[in-house]
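Reviewing the structure listed below.
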Amino acid sequence: MKLLLLLSAALLPACASGTSAMAFPPSMAVAYRDLRLDTAADRARLVRRVDRAAGAFCKAYDPMDPDTRFDARLASGRHCPGAAAILLAQHMPANVRRAYRAGRREQGGSRMPAMHNPS
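Mapping the sequence shown onto this note's numbering, position 76 (from 1) lands on 77, and the numbers just tick up by one.
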């Protein structure tokens, strides 16, 4: 099963410093291999999966913990789910990212901001 997994940039320094695994920030994972991304229904499922993963991440993420803080956009409870979804989308294969963005538009959601690596 294809799975998107996002771990923070804080993982490598934490590993190198011997920090406990408990100090790592949470990860986000979204399965997509079972989806037909050429259908509106499955694009909507992908959007829901990303939203759930981002929401779960934000509930578990503590932006006040200096050992796990890695992105200032995640510090706001109001902005964290959207920022987390963008971070996850940046790591998606191009075809999955396009399907996700199309699914957001089809649901009447706002367009995602431009991403730095449009591969």
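Note that beta-carbon positions come from the ideal geometry of N, C-alpha and C, so glycine has one too.
This structure is a prediction, so every number in the text was calculated from the model and none was measured.
Separation of residue j from residue i, as counted between CA atoms
i: ALA90; j: VAL48; result: 10 angstroms
i: VAL31; j: ASP68; result: 25 angstroms
i: ARG99; j: MET93; result: 9 angstroms
i: LEU75; j: ILE87; result: 11 angstroms
i: GLY104; j: ARG46; result: 8 angstroms
i: PRO82; j: TYR62; result: 11 angstroms
i: ARG106; j: ASP35; result: 21 angstroms
i: GLY78; j: LYS60; result: 9 angstroms
i: SER28; j: VAL51; result: 12 angstroms
Delimiting residues of the alpha helix (DSSP H) encompassing residue i
i: ALA41; result: 41-61
With 16 other Cβ atoms within 10 Å as the buried cut-off, status of residue i
i: MET65; result: exposed
i: ARG44; result: buried
i: ALA55; result: buried
i: ALA84; result: buried
Identified DSSP bridge partners for residue i
i: VAL97; result: BP columns for VAL97 are empty, so no partner.
i: ALA90; result: DSSP lists no partner for ALA90.
i: MET65; result: Answer by DSSP bridge pairing: none, since MET65 is not bridged.
Minimum Cβ-Cβ distance from residue i to chain D less than 8 angstroms
i: HIS80; result: Protein chains in the displayed structure number just one, and chain D is not present.
Extent of the continuous beta strand (DSSP E) to which residue i belongs
i: ASP30; result: Checking the sequence shown, residue 30 turns out to be Ala, not Asp. Its beta strand (DSSP E) spans residues 29-32.
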